[in-house]
Each structure stands twice: as structure tokens, then as C-alpha cells.
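To start, the structure under review is shown below, and the notes come after it.
Protein chains: 2
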Amino acid sequence: MPNSKLDATDRRLLALLQGDARLTNVELAEKVNLSPSPCLRRVRRLEASGIIRGYHAELDRRSVGLELTVFVGIKVERHHEEQANAFREAVVKLPEVVTAHLVSGESDFLLQVVVPSLVAYDAFLTGTLLRLPGVSDIRSNFAIQPVKEYGILPLTD
Amino acid sequence: MPNSKLDATDRRLLALLQGDARLTNVELAEKVNLSPSPCLRRVRRLEASGIIRGYHAELDRRSVGLELTVFVGIKVERHHEEQANAFREAVVKLPEVVTAHLVSGESDFLLQVVVPSLVAYDAFLTGTLLRLPGVSDIRSNFAIQPVKEYGILPLTD
DNA sequence: TATTTTTTTGCTATTTTGTGCCAATTTTAA
DNA sequence: TTAAAATTGGCACAAAATAGCAAAAAAATA
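Chains R and L, in that order, give the protein sequences.
For the first sequence, my numbering assigns the number 1 to the initial residue and increments by one for each residue that follows.
For the second sequence, my numbering assigns the number 158 to the initial residue and increments by one for each residue that follows.
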């Protein structure tokens with residue numbers, strides 16, 4: 001099992017790396033009051049244990065031509081476990097789907113879809129989403145304005 | 158203005174860095190068939206132009222004790238522009254709110270909230286969310302299972 | 001098409017960072 | 001208090017980042 005309990009220094013490292021994954025080990029070490037070598041060892045341990053799952057560049061969506069973000073609620077027909085699995089597998093493969101969760105409530109799945117334009121979304125909706133296995137209802141909520149993006153996880157103790 | 162059009166190499170760099178922000182400049186250079194110095198210069202340019210907004214470590218939520226992810230739809234009373242702004246400002250400050258968007262559709266805002274437990278969510282809901290300025294309705298959708306997390310943006314051309 | 005201008009590239013030299021090793025220190029447990 | 005285990009800091013070496021500069025490529029001009 002992953003978790004071998006995190007001390008305060010580990011949590012500070014995690015918080016720092018969430019905010020800026022390009023911090024130098026030397027910089028990190030200074031910020032947490034350690035010398036570089038134990039600092040690096042801690043980071044490597046966090047990586048190896050799976051607590052740090054990876055490092056990603058955050059892009060400006062508009063700059064790369066992705067003007068539209070849509071939050072999509074989808075209902076799938078129940079009673080068929082297989083169908084739900086087929087749906088999941090299909091969704092994972094779609095590059096336009098940035099995020100997907102099985103959720104409680106009105107919809108069964110909640111997706112975050114990113115496309116260049118409304119026209120592209122229309123094509124994606126009718127050409128792809130509606131044809132996924134078992135889909136019975138789709139509700140599209142268009143992002144009008146981001147209020148908070150890439151919030152870092154609140155690390156407690 | 159940011160966008161001075163991206164060539165194929167820039168897009169490959171962006172895709173690679175989305176997937177792994179810790180790639181060495183030397184590794185990056187190899188993957189895009191450039192020598193290290195022009196490669197580094199391109200990355201620096203992408204950073205300076207704001208196309209790359211930052212680099213972040215992705216953490217395993219469970220490992221850091223954040224067992225619950227909730228997608229929250231919130232309606233706020235209309236007619237008061239000020240109130241909507243007050244709401245936005247308040248939301249940005251809440252560490253439990255990882256993501257927030259103004260959206261079209263049934264709800265006005267869609268938040269992603271991360272907390273350690275159901276008890277913590279209850280406290281957050283009644284103690285914080287419901288007391289935000291102008292809130293008239295809240296709908297909570299609990300993430301039961303992640304289907305796709307941290308999908309990288311689909312870079313087109 | 002030839003020529004000039006601009007942009008981008010690749011190489012080299014220097015500085016900075018990452019990484020493994022080991023002794024010293026601190027922490028934990030008995 | 002003592003013994004065992006874990007963690008730390010410093011050192012040395014390897015690797016990477018970075019700046020400068022001349023050559024090559026691309027774009028623009030005539």
C-alpha cells in the first residue's frame with residue numbers, strides 16, 4: 001500500500017510541487033529547510049510511492065485554439081453493467097474528453113469536453129457522444145467564464 | 158498579444174510537456190529532433206508568451222487523505238451583478254474548491270470540491286457554501302469513480 | 001530569380017543542478 | 001540509558017541548463 005504517512009515536510013513539498021513542478025531541487029530544499037540530498041530523496045520517495053502521480057504543463061486553452069469548454073452530463077441505460085463498461089472504455093479514448101467521472105445524482109457521468117468551437121462541439125456531440133454505447137440523455141453546460149482553474153489540492157494533516 | 162502561431166514542433170513540445178513536465182531539455186530535444194539549445198529557446202518562448210501557464214505536480218488524492226470529490230452546481234440570485242462578483246471572489250479563496258466555472262444551463266456555477274470525507278463535505282456545505290453571497294440553490298454530485306483524470310488537451314493545428 | 005534581411009539552428013564554454021556515497025546526527029524503541 | 005533504525009548533510013562526479021556566437025535556413029524584397 002502506498003501511504004507510509006506524510007510528515008509536515010512532505011506536505012510542504014507536495015504543496016510546493018503542485019504550485020510549481022519546475023522548482024529546482026536546490027530551491028525546494030531551501031524552502032523546506034533541508035539540504036538538497038535529503039530533499040531529493042523525499043521527492044523521489046513521493047514519486048515512487050505513487051503519491052506524486054506525474055508532472056504536467058498547464059496550457060492556456062485559448063492560445064492553443066481550444067475556445068470552448070463544456071461540462072457534459074450523460075445518462076446511460078441501466079441494467080447493463082457491460083454497457084456501462086463499454087461506455088467508460090470509449091470515453092477514455094476520446095481526446096476531447098479531458099476529464100470524466102461516474103457520479104451520483106441526475107446524470108450518471110460528468111465529462112469535461114474541450115473543443116475549438118461551437119461547430120466542433122456540435123460535430124462531437126452528434127457524431128461521437130450521442131453514438132456512444134448506452135447513452136440515453138445528454139445535457140451540455142457551456143463554460144462561460146473560468147472562475148478558478150487548476151486549483152491546487154488542499155493538503156490537510 | 159500572446160499568439161504568434163505555433164508550428165508542428167511547438168505543438169509537439171506542448172503535447173510532451175503536458176504529459177511529462179519533468180522531461181529534461183535534452184530528452185525533449187531528442188524527441189522533437191532538435192539540438193538542446195533551440196529546443197530550450199522554444200520552451201522559454203512558450204512560457205514567456207503565456208501559452209505554457211505553469212507546471213504542476215499531479216497528486217493522488219486518496220494518498221493525501223482527500224477521499225471525496227464533489228461536483229457542485231450552484232444557482233445565485235440574478236439581478237445583482239455585485240453579488241455575482243462577490244460570489245466569485247469568495248469562491249476563489251476557498252481551498253476546497255479546486256475548479257470553478259460560470260456556466261450556461263441549469264446552474265450558474267459549477268464547482269469541483271475536494272474534501273477528506275462526507276462529514277467534511279457536510280461541514281463545508283452548510284458552514285461555507287450555503288453562506289456565500291447570493292446562493293439560492295445547491296446541487297451536489299458525488300464522484301463515485303474517476304473514469305479519466307488529467308486528460309491532456311487535444312492539440313489541433 | 002538573385003539578394004538582402006530576418007529567423008532559427010547547432011556548437012562550445014561555463015555555471016548550475018542532479019545524484020550516489022558515507023559518516024554524523026537525530027529519532028525511535030527497548 | 002542504550003541499541004537499532006531512520007534521516008540528514010557534505011562531498012565528488014555526472015548530467016543538464018544556459019549564454020554567446022557563427023553558420024544555415026527561411027522569408028522578404030526588389
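Even glycine gets a Cβ: it sits at the ideal position worked out from N, Cα and C.
Everything numeric in this text was worked out from a predicted model, so none of it was measured.
Does any CB atom of chain R fall closer than 7 Å to the CB of residue i?
i: P193/L; result: no
i: P293/L; result: The sequence given here places Ser at residue 293/L; Pro does not occur at that position. Taking Cβ atoms only, chain R never reaches closer than 7 Å to S293/L, which makes this a no.
i: V271/L; result: yes
Nearest by alpha-carbon distance to residue i: which of the options is it?
i: V189/L; options: R168/L, A205/L, R202/L; result: R168/L
i: H213/L; options: A243/L, A280/L, F228/L, A178/L; result: A178/L
i: H237/L; options: L287/L, S293/L, T285/L, V270/L; result: S293/L
i: P95/R; options: D108/R, A15/R, V115/R; result: V115/R
i: P38/R; options: D60/R, R62/R, R61/R, L13/R; result: L13/R
i: P290/L; options: E239/L, T166/L, R198/L; result: E239/L
i: V249/L; options: Y150/R, G65/R, E47/R; result: Y150/R
i: Q302/L; options: V227/L, A186/L, E184/L, L180/L; result: V227/L
i: P109/L; options: A172/L, T166/L, D164/L; result: Beyond the ends of chain L as shown, which are 158 and 314, falls residue 109/L; an answer cannot be given.
i: G50/R; options: R131/R, L6/R, I74/R; result: L6/R
i: L66/R; options: Y121/R, A90/R, S140/R, G19/R; result: Y121/R
Answer with yes or no whether the minimum CB distance from residue i to chain L is below 7 Å.
i: P2/R; result: Reliability of the predicted coordinates at P2/R is poor, the pLDDT of 37 falling under 50, and the value obtained from them is presented with this limitation in mind. So, interface residue.
i: L59/R; result: yes
i: Q18/R; result: yes
i: V91/R; result: yes
i: Y55/R; result: yes
i: V26/R; result: no
i: T126/R; result: no
i: R131/R; result: no
Per DSSP, which one or two residues make a beta bridge with residue i?
i: D137/R; result: K75/R
i: P146/R; result: H258/L
i: L111/R; result: V72/R, A100/R
Listing by chain order, which chain L residues have their CB less than 8 Å from the CB of residue i?
i: F109/R; result: V304
What does residue i touch in chain L if you count any residue whose Cβ is under 7 Å from its own?
i: V103/R; result: F228, N298, F299, A300, I301
i: G151/R; result: V254, V255, T256
In chain R, which residues lie less than 7 Å from residue i when you measure between Cβ atoms?
i: L312/L; result: V64
I want to verify the contact list: residues of chain R whose CB lies under 8 Å from the CB of residue i, in sequence order.
i: G207/L; result: D60, S63
i: L171/L; result: A57, L59, V64
i: R245/L; result: V147
Subject >> Contained beta strand (DSSP E) runs [length at least 3] in the region 32-109 of chain R, N- to C-terminal order >> reply: 52-59, 68-76, 97-103
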